[in-house]
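With the first letter of the sequence shown counted as 1, position 128 gets the number 128 in the UniProt record's numbering; the numbers rise by one all the way through.
The next block holds one structure in the form of C-alpha cells; read it before the comments.
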Amino acid sequence: MENLDASLDASRKNYLLNRDSYESRRLIEQHHVWVKNQGYRVHPTIEATLPPNARIADIATGTGIWTLDLSHSTKDTHPSWTFDGFDISSAQFPSQDSVPSNVHLHIADVKRPFPAEFHGQFDMIHARLLLLAMDSMDWILVVNNMKTLLKPGGWIQWAEIDLEPMHTALRDKLGASTEYLQKGCDKLWELCRHRLSGACKNLFNAFKGAGLNDVVLDPVTSDRLPELREISTKVEMRVVLGVGKQAIQNGAEAAWSLEELEYVVAQMEKEAENGAYVVFYIKTVIGRKS
Ligand SMILES: C[S@@+](CC[C@H](N)C(=O)[O-])C[C@H]1O[C@@H](n2cnc3c(N)ncnc32)[C@H](O)[C@@H]1O
1 MENLDASLDA SRKNYLLNRD SYESRRLIEQ HHVWVKNQGY RVHPTIEATL PPNARIADIA
61 TGTGIWTLDL SHSTKDTHPS WTFDGFDISS AQFPSQDSVP SNVHLHIADV KRPFPAEFHG
121 QFDMIHARLL LLAMDSMDWI LVVNNMKTLL KPGGWIQWAE IDLEPMHTAL RDKLGASTEY
181 LQKGCDKLWE LCRHRLSGAC KNLFNAFKGA GLNDVVLDPV TSDRLPELRE ISTKVEMRVV
241 LGVGKQAIQN GAEAAWSLEE LEYVVAQMEK EAENGAYVVF YIKTVIGRKS
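Quick look at the structure:
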C-alpha cells in the first residue's frame, strides 16, 4: 500500500500545472469555450449510438466539469445516463453534496490498470487535456487502459490542444500589439516542449495502435468563432501563469522570475482586451472498440 501511495504521489507530481482554485476556475471557463468551439460535448457520431441507459466515463476529469455539464444538459433528453469521473487527484473535485446523483467521482491513475469492477462497463470514455502529464511512451498504454473500460462497440473521444503546427499571436484590431502574447506562447513551448511536441500525432497513432475502429480526427482552430477569440486567449494564456509558477517551484532553468511572469501575464491580458488573440488547434480523436 505504501508503495502504491508513493507511486501515485510521483505520478501526481509528474504534471506541469498546479491544482489551486485559480486553475479550477480556468478549467471550468475553458470547458465552456471549448464546447462552443467544438460544437458538441459528445461527438455526434458517438451520440447517435449511445443507448438510453448509457454509462459514460471521463478520464482525468479535474473539476468534473465535462460530466457535470453533460449530466445537466441531458437531464431531460437522457435522464438515465450515468457518469463516472476519474482523476489521479481529488484536489479539484467539487464537494460531494454539489454533485448530482448520476455522477460519481473516483481517484485513479490512468497509467495503471483500472480496478476490475470498472472493466467492460462503459459505452463511452471521454478525455481532454491530459497532455501535460503524458510522456511520448504513455499514449498507447493509456489508450489501452481506457479500452479495458469499454463495452464492445463503446467509443473513446479524446481532445487535445496542438501547439506544434501553430501557436501564434495575431491582431484583430488594426494596430493592436501582440508582443507579450507571443512571448507567452514561446515560453509555454520552451517550458513544456517535451510534453507538447508530437502529442497529437501520438494520440492519433495510439488510437490506431490500440486497434480501435472508425478512428476519425476532428480538428478546429481556436479562432473558429470570432466572438470567442478574447476569452479563448485569456483562458489559454493563463496556463502560462500556472506552468510558469510550477516551473519556478521545480527550479526549471527556463523559468521566469515570479515578478517577470506576473508582469508578462498582465500585459498579455491587456493585449487580449485590446484586439489581439492567440490561435492554436483543438484536435479531437474518436475511435470505437470492436
Ligand atoms: C488540464 S487538467 C484537465 C481536466 C479536465 N479533463 C478538463 O478538460 O477540464 C488535467 C487533469 O489530468 C489529471 N491527471 C494528470 N495525470 C493523471 C493520471 N496519470 N491519471 C489520471 N489523471 C491525471 C490532473 O490531475 C488534472 O486534473
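Here a beta-carbon is modelled for each residue, glycine too, at the ideal position from N, C-alpha and C.
Practice task
Flag Ile-88 as yes when its Cβ comes closer than 7 Å to any non-hydrogen atom of ligand 1, and as no otherwise.
Solution key: Translated into positions along the sequence shown, residue 88 becomes position 88. Yes, the Cβ of Ile-88 comes within 7 Å of a heavy atom of ligand 1.
Practice task
Find the nearest neighbour of Gly-211 within the set Trp-155, Leu-191, Lys-289, Leu-163, judged by alpha-carbon distance.
Solution key: Position 211 of the sequence shown holds residue 211. The option with the nearest alpha carbon to Gly-211 is Lys-289.
Practice task
State yes or no: is the C-beta of His-31 nearer than 7 Å to some heavy atom of ligand 1?
Solution key: Position 31 of the sequence shown, counted from the start, is the residue given in the question as residue 31. His-31 Cβ: within cutoff of ligand 1.
Exercise for the section: Could you name the residues of the same chain whose beta carbon sits closer than 7 Å to that of Ile-28, not counting the 5 residues immediately before and after it, in chain order? Expected result: Here residue 28 corresponds to residue number 28 of the sequence shown, with the count starting at 1. So the list reads Thr-63, Ile-65, once near-sequence residues are dropped.
Exercise for the section: Give the straight-line distance between the Cα atoms of Trp-113 and Gly-184, rounded to the nearest whole angstrom. Expected result: Residue 113 sits at position 113 when you count from the first residue of the sequence shown. Residue 184 sits at position 184 when you count from the first residue of the sequence shown. The question names Trp, but residue 113 in the sequence shown is Pro. Each residue's Cα considered, the two are about 37 Å apart.
Problem - Distance cut-off 7 Å: Lys-111 Cβ against heavy atoms of ligand 1 - result: Counting from 1 along the sequence shown, the entry for residue 111 is found at position 111. For ligand 1, at least one heavy atom lies less than 7 Å from the Cβ of Lys-111.
Exercise for the section: Find out if the Cβ-Cβ distance for the pair Ala-176, Gly-275 is shorter than 8 Å. Expected result: Indexing the sequence shown from 1 puts residue 176 at position 176. Indexing the sequence shown from 1 puts residue 275 at position 275. Less than 8 Å separates the beta-carbon of Ala-176 from that of Gly-275.
Practice task
Rank Leu-196, Gly-120, Arg-195 by C-alpha distance to the C-alpha of Ala-57 and give the top, closest one.
Solution key: Mapped onto the sequence shown, residue 57 falls at position 57. Per the Cα distances, Gly-120.
Practice task
Report whether the distance from the Cβ of Gln-92 to the nearest heavy atom of ligand 1 is below 7 Å.
Solution key: Locating residue 92 in the sequence shown gives position 92, counting from the first residue. Yes, the Cβ of Gln-92 comes within 7 Å of a heavy atom of ligand 1.
Handout entry: Outcome for Gly-209 when other beta-carbon atoms lying within 10 angstroms are tallied against a minimum of 16
Key = Numbered from 1 along the sequence shown, position 209 holds the residue referred to as residue 209. Gly-209 comes out exposed.
Practice task
Please classify Pro-79: does DSSP put it in a helix, a strand, or coil?
Solution key: On the sequence shown, residue 79 is found 79 positions in, with the first residue counted as 1. Here Pro-79 carries a coil assignment [DSSP, helix/strand/coil].
Exercise for the section: Identify, in the order they occur along the chain, each residue of the same chain with its Cβ nearer than 7 Å to the Cβ of Leu-203, setting aside the five sequence neighbours on each side. Expected result: In the sequence shown, counting from the first residue as 1, residue 203 sits at position 203. In chain order, Trp-139, Trp-158, Glu-160, Val-285 place their CB closer than 7 Å to the CB of Leu-203, counting only its own chain and leaving out the 5 sequence neighbours on each side.
Handout entry: Per-residue DSSP class, three states only, for Met-1
Key = Translated into the one-based positions of the sequence shown, residue 1 becomes position 1. Residue placement at Met-1 cannot be trusted, given a pLDDT of 46 that sits under 50; what the coordinates show is reported in the next sentence. It is coil, neither helix nor strand.
Handout entry: Simplified DSSP assignment, three categories, for Met-110
Key = On the sequence shown, position 110 is the one that residue 110 refers to. As written in the sequence, residue 110 is Val, which differs from the Met given in the question. DSSP places Val-110 in coil when its eight states are reduced to three.
Practice task
Look up Gln-246 in the DSSP assignment and give the residues it is bridged to.
Solution key: Start at 1 with the first residue of the sequence shown, and residue 246 comes out as number 246. In DSSP, Gln-246 forms no bridge with anything.
Handout entry: Closest by C-alpha distance to Ile-88, when choosing among Thr-82, Ile-59, Asn-102, Leu-70
Key = For the purposes of this step, residue 88 is taken as the residue at position 88 of the sequence shown. The shortest C-alpha separation from Ile-88 is found at Ile-59.
Handout entry: N-terminal and C-terminal residue of the alpha helix (DSSP H) that Glu-23 is part of
Key = Counting from 1 along the sequence shown, the entry for residue 23 is found at position 23. Segment 21-38, the alpha helix (DSSP H) holding Glu-23.
Problem - Arg-195, enclosing beta strand (DSSP E) - first and last residue - result: As a working mapping, residue 195 is identified with position 195 in the sequence shown. According to the DSSP assignment, Arg-195 belongs to no beta strand (DSSP E) but to the alpha helix (DSSP H) extending over 179-196.
Exercise for the section: Ignore the nearest five residues each way along the sequence and tell me which others in His-167's own chain have a CB closer than 6 Å to its CB. Expected result: Reading the sequence shown from its first residue, position 167 is the one you call residue 167. Within the same chain, Cβ atoms closer than 6 Å to the Cβ of His-167 are found at Cys-185, Phe-280, the five residues on either side in sequence being excluded.
Exercise for the section: Find out if the Cβ-Cβ distance for the pair Ala-252, Leu-191 is shorter than 8 Å. Expected result: If you number the sequence shown from 1, residue 252 lands on position 252. If you number the sequence shown from 1, residue 191 lands on position 191. Taking a C-beta distance under 8 Å as the contact criterion, Ala-252 and Leu-191 qualify as a contact pair.
Handout entry: Near ligand 1: Leu-163 beta-carbon under 7 Å from a heavy atom
Key = Start at 1 with the first residue of the sequence shown, and residue 163 comes out as number 163. No.
Problem - Ser-232 burial status per 10 Å Cβ neighbour count (16 or more: buried) - result: Counting from one through the sequence shown, the residue named residue 232 turns up at place 232. Buried, because 16 or more other Cβ atoms sit within 10 Å of the Cβ of Ser-232.
Exercise for the section: Identify whether Val-278 lies in helix, strand or coil by the three-state DSSP scheme. Expected result: To locate residue 278, count along the sequence shown from 1; it is residue 278. In this structure, DSSP gives Val-278 an extended state, which the three-state scheme calls strand.
Exercise for the section: Return the residue from the list Trp-155, Arg-25, Pro-219 that minimises the CA-CA distance to Gln-38. Expected result: Position 38 of the sequence shown holds residue 38. Distance from the Cα of Gln-38 is smallest, within the candidate group Trp-155, Arg-25, Pro-219, for Pro-219.
Problem - Length of the line joining the Cα atoms of Arg-229 and Glu-117 - result: Walking along the sequence shown from the start, residue 229 turns up at place 229. Walking along the sequence shown from the start, residue 117 turns up at place 117. Distance between the alpha carbons of Arg-229 and Glu-117 is about 43 Å.
Practice task
For Arg-26, count neighbouring C-beta atoms within 10 Å of its own C-beta (all shown protein chains included) and say buried if the count is 16 or more, exposed if not.
Solution key: On the sequence shown, position 26 is the one that residue 26 refers to. Burial check for Arg-26: the Cβ neighbour count within 10 Å reaches 16 or more, so the residue is buried.
Practice task
Give a single yes or no on whether Leu-150 has its beta carbon closer than 7 Å to a heavy atom of ligand 1.
Solution key: Here residue 150 is taken as the residue at index 150 of the sequence shown, counted from 1. Checking every heavy atom of ligand 1 against the Cβ of Leu-150, none is found closer than 7 Å.
Practice task
Provide the residue span of the alpha helix (DSSP H) that contains residue 305, from first to last.
Solution key: Past the edges of the chain, shown from 1 to 290, lies residue 305, and the structure says nothing about it.
Practice task
Output the distance between the C-alpha atoms of Ala-169 and His-104, rounded to the nearest integer angstrom.
Solution key: For this step, residue 169 is matched to residue 169 along the sequence shown. For this step, residue 104 is matched to residue 104 along the sequence shown. The C-alpha of His-104 is placed about 39 Å away from the C-alpha of Ala-169.
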